[in-house]
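J.: To start, I am sharing the structure in question, which I have written as structure tokens.
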Amino acid sequence: MVHLIASPPELKPRREKDPSWWAAPLTASLLAVPPLAGEYALYHRDGYGQNVLLVSLLLLVCAWALPHHRSLRALRVIVAVAAVGLSLLPIGFAVLLGLAMASGAA
-9 MVHLIASPPE LKPRREKDPS WWAAPLTASL LAVPPLAGEY ALYHRDGYGQ NVLLVSLLLL
51 VCAWALPHHR SLRALRVIVA VAAVGLSLLP IGFAVLLGLA MASGAA
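FYI, the numbering used here numbers position 29 of the sequence shown as 19, with every residue one higher than the one before it.
Right, dumping it as structure tokens:
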């Protein structure tokens, strides 16, 4: 007798664990946490850039909290890169502003 209906374990797609799931969040943490801490120490009283810092920290937490499946590797890398970019945004803006002020162009 041939069974045309598959048993439930065969219907579920098997998700492979990603052995290097920690690489992108760790790299992002090493690059993003020092600027985040410095910016918080400098600007927490003024409220300057608070939203950017909080979103960057939230993205960093999400990069660590995503499931460790190989299919989510690209999403984990995108979230980690976005966290690093947002953590460096206020510093980059301050550097560009300083360069513009130093150039003397009116």
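Even for Gly, the Cβ is constructed at its ideal location relative to N, Cα and C. These numbers come from a predicted model, not from an experiment.
Any contact of the stretch 49 to 67 with the stretch 82 to 95, i.e. 3+ C-beta pairs under 8 Å?
T.: no
J.: Taking Cβ to Cβ, would you say A53 is nearer than 8 Å to A70?
T.: Counted from its first residue, the sequence shown places residue 53 at position 63. Counted from its first residue, the sequence shown places residue 70 at position 80. Inclusion of A53 and A70 in the CB contact set at 8 Å is warranted, their separation being smaller than that value.
J.: Across which residues does DSSP place H59 in a beta bridge pair?
T.: Working through the sequence shown from its first residue, we reach residue 59 at position 69. BP columns for H59 point to K7.
J.: Please state the DSSP three-state secondary structure of W12.
T.: The count along the sequence shown starts at 1 and reaches residue 12 at position 22. Three-state DSSP puts W12 in coil, outside helix and strand.
J.: What's the call for L49, buried or exposed, on a 16-neighbour Cβ count within 10 Å?
T.: To locate residue 49, count along the sequence shown from 1; it is residue 59. L49 should be labelled buried.
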